[in-house]
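Engineer: Just so you know, the sequence shown maps onto residues 1 to 98 in our numbering. Backbone N, C-alpha and C define an ideal beta-carbon position, used for all residues, glycine too. My structure is below; once you've seen it, I'll send some questions.
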Amino acid sequence: PAPAFGVQFSRVAGEKLIATSCEDAVIRVYDVEVPQKPTLVTELIGHVGKAFGVAWSPILNSTLASSSDDRTARVWNIHSPGKHVVLQGHLQKVRALA
């Protein structure tokens with residue numbers, strides 16, 4: 001995989017997931033049930049610029065947001081990667097999430 005600019009663990013009880021936002025514009029989600037052998041769960045594809053930020057929802061299982069140099073933020077459910085919400089209208093690159 002490409003270099004990661006953002007990394008975050010899911011804080012939802014029962015989920016042992018980590019998400020990365022990468023230089024190649026892909027958001028990758030890994031299951032870290034066995035920390036020594038992380039398993040790729042999904043790749044979320046939609047950004048067209050470097051993906052910088054990633055943040056899990058603290059209350060919605062399997063839901064995360066990502067930010068990118070393409071001037072968008074996106075909200076994803078990792079079980080329906082093709083269906084995501086695109087938050088447009090930013091005038092500059094979106095490099096952080098909280």
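Taking only the alpha-carbon atoms, compute the straight-line gap between R74 and P81 and give it to the nearest angstrom.
Structural biologist: Looking up residue 74 in the sequence shown gives position 74. Looking up residue 81 in the sequence shown gives position 81. Their Cα atoms are separated by approximately 11 Å.
Engineer: With a threshold of 16 other CB atoms inside 10 Å of the CB of R28, please say whether the residue is buried or exposed.
Structural biologist: For this step, residue 28 is matched to residue 28 along the sequence shown. It is buried - the Cβ of R28 has at least 16 other Cβ atoms within 10 Å.
Engineer: By how many angstroms is the C-alpha of A98 removed from the C-alpha of R71?
Structural biologist: Taking the first residue of the sequence shown as position 1, residue 71 is located at position 71. Taking the first residue of the sequence shown as position 1, residue 98 is located at position 98. Going from the Cα of R71 to the Cα of A98 covers about 16 Å.
Engineer: Around the C-beta of L60, are 16 or more other C-beta atoms found within 10 angstroms, so that it is buried, or is it exposed?
Structural biologist: Here residue 60 refers to the residue found at position 60 when the sequence shown is read from its first residue. So L60 ends up on the exposed side.
Engineer: Within a Cβ cutoff of 8 Å, which residues of the same chain sit near F52, ignoring the five residues on either side of it in sequence?
Structural biologist: Residue mapping note: residue 52 aligns to position 52 of the sequence shown, counting from 1. So the qualifying residues of the chain are F5, G6, S21, S67, S68, D69, K93, V94, R95 and A96.
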